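Enquirer:
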Ligand code: BDR
Ligand code: CA
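In UniProt numbering, the protein residues as written are 2 to 318.
1) For a test of your reading of the model: does the CB of residue 295 fall under 6 Å from any non-hydrogen atom of ligand 1? Yes or no.
2) Along the chain, where does the alpha helix (DSSP H) containing residue 312 start, and where does it finish?
3) Of all the beta strand (DSSP E) runs that stay within the bounds of the segment 139-197, which reach a length of 3 or more residues?
4) Any heavy atom of ligand 2 within a distance shorter than 6 Å of the CB on residue 81?
5) For residue 86, which residues from the same chain have a beta carbon less than 6 Å from its beta carbon, with the 5 sequence-adjacent residues on both sides left out?
6) Reducing DSSP to helix, strand and coil, say where residue 113 ends up.
7) Inspect the beta-carbon positions of residue 17 and residue 247 and report whether they are closer than 7 Å.
8) Among 96, 175, 308, which residue has its Cα nearest to the Cα of residue 51?
9) Residues in the same chain with beta-carbon distance under 8 Å from residue 56, minus the five sequence neighbours each way, listed in chain order, please.
10) Over what stretch of residues does the beta strand (DSSP E) that includes residue 262 continue unbroken?
11) Using a Cβ-Cβ cut-off of 8 Å (strictly less than) and excluding sequence neighbours within five positions of residue 261, which residues of its own chain qualify?
12) Is the distance from the Cβ of residue 8 to the Cβ of residue 34 below 7 Å?
13) Would a check of beta-carbon distances place residue 48 closer than 7 Å to chain B?
14) Can you tell me whether residue 76 is buried or exposed? The criterion is at least 16 other CB atoms within 10 Å of its CB, across all chains shown.
15) Shortest alpha-carbon distance to residue 66 belongs to which of 74, 60, 106, 58?
16) My assumption, with CB atoms under 8 Å, is that residue 257 sits in contact with residue 294. Please give the rounded CB distance.
17) Restricting to runs no shorter than 3 residues, where is the beta strand (DSSP E) found entirely within the segment 265-294?
18) Considering only the beta carbon of each residue, do residue 61 and residue 30 sit closer than 7 Å?
19) Would you mind giving the Cβ-Cβ distance between residue 82 and residue 171, rounded to the nearest angstrom? I have them listed as a contact below 8 Å.
20) For the structure I just gave you, are there three or more beta carbon pairs, one from the segment 139-147 and one from the segment 112-123, closer than 8 Å?
21) If you draw a straight line from the C-alpha of residue 69 to the C-alpha of residue 37, how long is it?
22) On the three-state DSSP scale, how would you describe residue 48?
23) Are the segment 234-242 and the segment 194-213 touching by the rule of at least three beta carbon pairs closer than 8 Å?
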């Protein structure tokens with residue numbers, strides 16, 4: 002069983018990833034960090050609480066993460082993709098303590114489990130960068146880092162060259178890439194875009210949830226349909242929608258089904274058209290890396306992903 006501390010901006014694919022983590026017997030979620038990104042930090046905290054209430058998983062501690070990027074720019078949320086509250090059409094009515102300042106709790110978790118905690122980050126890297134600044138010694142005790150971010154040798158989704166999680170705070174991304182003591186596993190957009198889940202599969206899950214009276218039946222299909230509509234309008238050829246953040250978690254529990262390459266990586270912070278671009282030095286003849294070397298995913302076994310996703314998501318009670 003893998004112990005995971007999950008940093009997320011609680012948009013739609015993030016929320017499905019949290020459900021996947023709750024339902025997966027190979028995952029022990031030791032905490033979630035809710036930060037700004039797809040939605041505001043407050044909405045992210047509220048979504049975390051809402052999902053915990055629906056699933057009865059209030060035992061998992063939720064931590065308040067970053068509310069701003071290190072760029073100094075105001076955060077840009079993405080309601081078109083994720084809905085005004087990050088839940089598609091759903092507007093939950095739930096009380097949350099937004100004054101909570103409990104981020105230091107993550108230090109305690111890592112210190113209590115030295116060498117055992119995997120950090121999975123599927124939003125901006127701002128909270129994780131803060132952890133490296135606040136707790137540099139503690140962060141050396143993290144087992145591994147799995148990051149959804151960047152786009153290598155293919156288009157971005159915010160600019161022609163930049164992906165949302167890196168573009169939103171490239172300074173933070175570089176703090177991770179330069180400070181991590183173990184190579185970071187990066188699951189980039191060009192790979193996660195292949196993690197397509199079809200509406201037919203979601204409909205099957207939805208029928209199942211309703212047949213057993215599972216509370217998550219309220220959530221999965223309405224969120225997915227909203228998200229799929231956005232992707233389909235953008236690219237009518239798509240037969241489903243990519244669950245970027247689910248793939249990133251799946252990669253951690255299915256190491257054998259993901260192909261990585263050791264690649265020097267940095268993120269562009271110079272103001273200009275390449276801002277937020279992830280540069281990977283894929284040149285085979287370079288023997289001395291200028292940038293820190295990380296493990297960049299280049300491929301995964303799609304059939305295994307879908308099989309596992311369906312099986313795990315049925316495990317809702
Ligand atoms: C990433 O941006 C967000 O829209 C998704 O949640 C994912 O983490 C993809 O670029
Ligand atoms: Ca995300």
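Just so it is clear, CB atoms sit at the ideal spot from N, CA and C, and this is done for glycine as well. Treat the numbers as computed from the prediction; the structure is a model and nothing was measured.
Expert: A quick look at the data gives this:
1) no
2) 303-314
3) 145-149, 186-188
4) no
5) 44, 92
6) helix
7) yes
8) 96
9) 20, 23, 216, 217, 317
10) 259-268
11) 186, 296, 297, 298, 299
12) yes
13) Checking the listed chains, one finds no chain B in this structure; it contains a single protein chain.
14) buried
15) 106
16) Not a contact, Cβ separation roughly 22 Å.
17) 279-281
18) yes
19) Not quite, the Cβ-Cβ distance comes to about 20 Å (not below 8 Å), so this is no contact.
20) yes
21) 7 Å
22) helix
23) yes
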